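Read left to right, the sequence shown gives residues 185 to 529 (my numbering). Don't be surprised by glycine CBs; every beta carbon is placed ideally from N, CA and C. Quick caveat: nothing in here was measured; it's all calculated off a predicted structure.
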Amino acid sequence: MTTEIDSISDITHAQLLPRYVRISGNLYGAVFTLMKIVPARHILRAALARGDLGPDTLIVETTSGTFGLALAMEAALLERRLVLVSDPVIDVGLHRRLRDLGARVEICSEPAEVGGFQEARLRRVAEIRASHPDTFCPEQYSNPDNPRSYAVVAEEMLRRLGRVDCVIGPVGSGGSMCGTVRTLREHNPQVRAIGVDTHQSVLFGHPDGPRTLRGLGNSLMPPNLDHTVFDEVHWCGAGEAHAATRALHREHALFQGPTSGAAFQVARWWAERNPDARCVVMLPDEGHRYQETTYNDAWLAEQSLAGADLSVKPREVAAPELAVGTWDWFPWARRSFEDVMGEGR
Ligand SMILES: Cc1ncc(COP(=O)(O)O)c(C=O)c1O
185 MTTEIDSISD ITHAQLLPRY VRISGNLYGA VFTLMKIVPA RHILRAALAR GDLGPDTLIV
245 ETTSGTFGLA LAMEAALLER RLVLVSDPVI DVGLHRRLRD LGARVEICSE PAEVGGFQEA
305 RLRRVAEIRA SHPDTFCPEQ YSNPDNPRSY AVVAEEMLRR LGRVDCVIGP VGSGGSMCGT
365 VRTLREHNPQ VRAIGVDTHQ SVLFGHPDGP RTLRGLGNSL MPPNLDHTVF DEVHWCGAGE
425 AHAATRALHR EHALFQGPTS GAAFQVARWW AERNPDARCV VMLPDEGHRY QETTYNDAWL
485 AEQSLAGADL SVKPREVAAP ELAVGTWDWF PWARRSFEDV MGEGR
């Protein structure tokens, strides 16, 4: 009798690759339980193989989101100690889960003058590393193993869908979009990449500012973001992202988080305008963490985020700094940041 028992491994292996669903005619969803398992597993296992992660090595990373959860899962499986440096926005449920997985969570209470909490967290990571003889920092924002880890996602995407013409996804570190699209382009250089960001994120040329939509966008420029990958950039508002997340659930029974909603909103519009293109939208995590926010009408109303109009079309802007509406897009055209924004920015 043949059996697949040898292919059964641990939970991060089982949850590594997304499920694929057909959302509409030419639009497919890559539905992840927790996309950040892809870089967390790859980075830690690559470090282990190189000998950088001995039994006494302390793993230290700054994160207030899903990368921390994925690292905590992987660290528990590898029996390694983990310190996560976070800030006050970390949600209670995630905090509990991280602790339950054995991670030590340190909260920075004050933002840095420039770079906000993200900079304050990086400084704390540096302090911990300086005071400990043997540490390993996964550094999702700069470690090339982050984008590299998505090669398996791209290869499997091609196996499942046969052909992919366009990938649409949220951008935070840049790892998932850049890594997936680079591998797809080794097979077909024409594959289009549509990045989804939010206003007042520095990633595609906005000045840093307060953002209500979490999980995408950034206050600091991550070295892993290769701007030349992107054909288009969209900036989505929080109200639209939450409403689109609910529509994804209501209409397609896909229970995902708000970065999935933001990407879905853009993907639906793009796929409709390009009916001959086979489009894949990256849906990075599930909705459980957002039950009290995105999925809670009272919270949305309190935050003045309820009732966003999803029939609105995006406005094309002539420069990133002109993207000040609720949903704007810019033809980035695979240019470098300097080419678009000018030298010295
Ligand atoms: C929920 C969620 N969606 C999307 C992203 C963006 O992915 P990436 O960092 O690969 O650009 C992140 C990043 O942390 C995330 O946590």
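Any non-hydrogen atom of ligand 1 closer than 7 Å to residue i Cβ
i, result
"S360", "yes"
"D469", "yes"
"G249", "yes"
"G356", "yes"
"L400", "yes"
"G277", "no"
"T217", "no"
"G441", "yes"
"K497", "no"
Residue i - DSSP class collapsed to helix/strand/coil
i, result
"D381", "strand"
"I189", "helix"
"M466", "strand"
"A335", "helix"
"C420", "strand"
"L211", "strand"
"E454", "Strictly speaking, residue 454 in this sequence is Trp, with Glu absent from that position. Here W454 sits in helix by DSSP."
"R283", "helix"
"C350", "strand"
"S293", "coil"
"D523", "helix"
"G483", "Here the sequence assigns Trp to residue 483, which means Gly is not the residue at that position. The answer is helix: DSSP assigns W483 an H, G or I state."
"D329", "helix"
"V496", "coil"
Residue i burial status per 10 Å Cβ neighbour count (16 or more: buried)
i, result
"I378", "buried"
"H418", "buried"
"V276", "exposed"
"P328", "exposed"
"Q302", "buried"
"P317", "exposed"
"R234", "exposed"
"H411", "buried"
"G209", "exposed"
"G491", "exposed"
"T443", "buried"
"T196", "buried"
"A314", "exposed"
Below-8 Å beta-carbon distance, residue i vs any chain B residue
i, result
"G421", "As a matter of chain content, chain B is missing from the structure shown, which is built from one protein chain."
- Query: Quick one: any contact between the stretch 245 to 258 and the stretch 488 to 501, if contact means 3 or more CB pairs under 8 Å?
  - Reply: No: the two stretches stay apart, fewer than three of their Cβ pairs being nearer than 8 Å.
- Task: Inspect the CB distances between the stretch 461 to 470 and the stretch 441 to 450 and report whether three or more fall short of 8 Å.
- Result: Using a C-beta cut-off of 8 Å, the stretch 461 to 470 makes contact with the stretch 441 to 450, since at least three inter-stretch Cβ pairs fall below that distance.
- Task: Check whether the stretch 452 to 462 touches the stretch 340 to 349, counting contact only when three or more Cβ pairs, one atom from each stretch, lie closer than 8 Å.
- Result: Enough Cβ pairs lie closer than 8 Å, so yes.
- Task: Kindly confirm or deny that the stretch 371 to 391 and the stretch 468 to 475 touch, where touching means at least three C-beta pairs closer than 8 Å.
- Result: With a cut-off of 8 Å, the stretch 468 to 475 and the stretch 371 to 391 do not count as touching, because too few Cβ pairs lie within range.
- Between the stretch 392 to 403 and the stretch 502 to 520, are three or more C-beta pairs nearer than 8 Å? Here the stretch 392 to 403 does not lie against the stretch 502 to 520, with fewer than 3 beta-carbon pairs under 8 Å apart.
- Determine, using beta-carbon pairs with one atom in the stretch 211 to 219 and one in the stretch 304 to 320, whether at least three such pairs fall under 8 Å. Output reads no: the stretch 304 to 320 does not touch the stretch 211 to 219.
- Examine the Cβ distances between the stretch 223 to 234 and the stretch 289 to 297 and report whether three or more of them are shorter than 8 Å. By the Cβ test, the stretch 223 to 234 is not in contact with the stretch 289 to 297, since fewer than three Cβ pairs between them sit closer than 8 Å.
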